[in-house]
């Protein structure tokens, strides 16, 4: 497989599984960066963590998974964290979110220059993405996770998800009408569909009993993008993304890690 340079910009957090008392490094953009590397590509992450133990743990985890962390900013704030519960069927429930250093991150001039030199950029939760888009007209192909980022400017690939209240076809049309070139909508256990407006591709997912769905969408995004960018085959990219996401549902967290005990107490309800 050809090797390209991928980057993910935006959020990271510590996923805290409160019922089990363990935590994992995660976050939308960070998970995507890790899975770029796991797919055999050069990967870099652009984001911010706090000057604390969790921040150091996040950086160590990125490096251990082959992700370039040269543009990971260390700030005098708390590292973001999310308290997660689960339903009986394994679906995640977000109980509390603290955005910390990640919530105020915006790439520096040096980071923007570095981003302009990669082959593809993916935007997770990143405030001001529209401003970043306009800083350099020579930016490479771009994608966005519309589930967490509402940037208005058109992207080469836009990802979203469909639930019980919105049909996949409705979501495809909505995002295509915003000017995105290729739209991909995941359907949970039903797989995913994609469209450029004139053609629709659809792939089903394997039926499994998920242990944890955290990070499955991020896994899908990274593997889809690698295959799409290198081969240009949307149907095959859907299959690649769905297969990788299925594997992620069989373990806790967005990618395999050693458990670490939760280091902070949940926030007070007072």
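Residue numbers (our numbering): 11 to 280. Built from N, CA and C at the ideal position, the CB exists for glycine as well.
6 Å CB neighbourhood of residue i in its chain, flanking five on each side removed
i	result
residue 269	32
residue 260	221
residue 127	none
residue 21	37, 38, 39, 112, 134 and 135
residue 280	At residue 280 the pLDDT is 43, less than 50, meaning the model places this residue with poor confidence; the figure from the coordinates comes in the next sentence. Excluding sequence neighbours, residue 280 sits near nothing in its chain.
residue 88	60 and 110
residue 64	24 and 89
residue 272	26, 31 and 33
residue 83	58
For residue i, the three-state DSSP class (helix, strand or coil)
i	result
residue 154	strand
residue 118	coil
residue 139	helix
residue 22	coil
residue 295	No answer is possible for residue 295: the residues shown for the chain start at 11 and end at 280.
Those residues which DSSP pairs with residue i across a bridge
i	result
residue 193	168 and 205
residue 211	204
residue 17	54 and 131
residue 270	33
residue 108	91
residue 262	Beta-bridge pairing links residue 262 to no other residue.
Rounded Cβ spacing between residue i and residue j (contact assumed at less than 8 Å)
i	j	result
residue 213	residue 201	5 Å
residue 42	residue 67	That pair is no contact at about 19 Å.
residue 49	residue 15	Not really, about 13 Å apart at Cβ, beyond 8 Å.
residue 236	residue 46	7 Å
residue 239	residue 151	7 Å
residue 264	residue 77	Between residue 77 and residue 264 the Cβ distance is about 12 Å, and since that is not below 8 Å, they are no contact.
residue 190	residue 215	Contact doesn't hold; Cβ gap of about 23 Å is too wide.
residue 231	residue 132	7 Å
Contacts around residue i, its chain only, beta-carbon distance under 7 Å, and the 5 residues preceding and following it disregarded
i	result
residue 121	56 and 81
residue 195	170, 171, 172, 178, 181, 182, 202 and 203
residue 246	237
Residues near residue i by beta carbon distance below 8 Å, same chain, minus five either side
i	result
residue 129	14, 15, 16, 150, 151 and 239
residue 267	34, 35 and 71
My parser needs the beta strand (DSSP E) runs of 3 or more residues fully inside the stretch 30-105; what are they? 32-36, 52-60, 82-85 and 91-96
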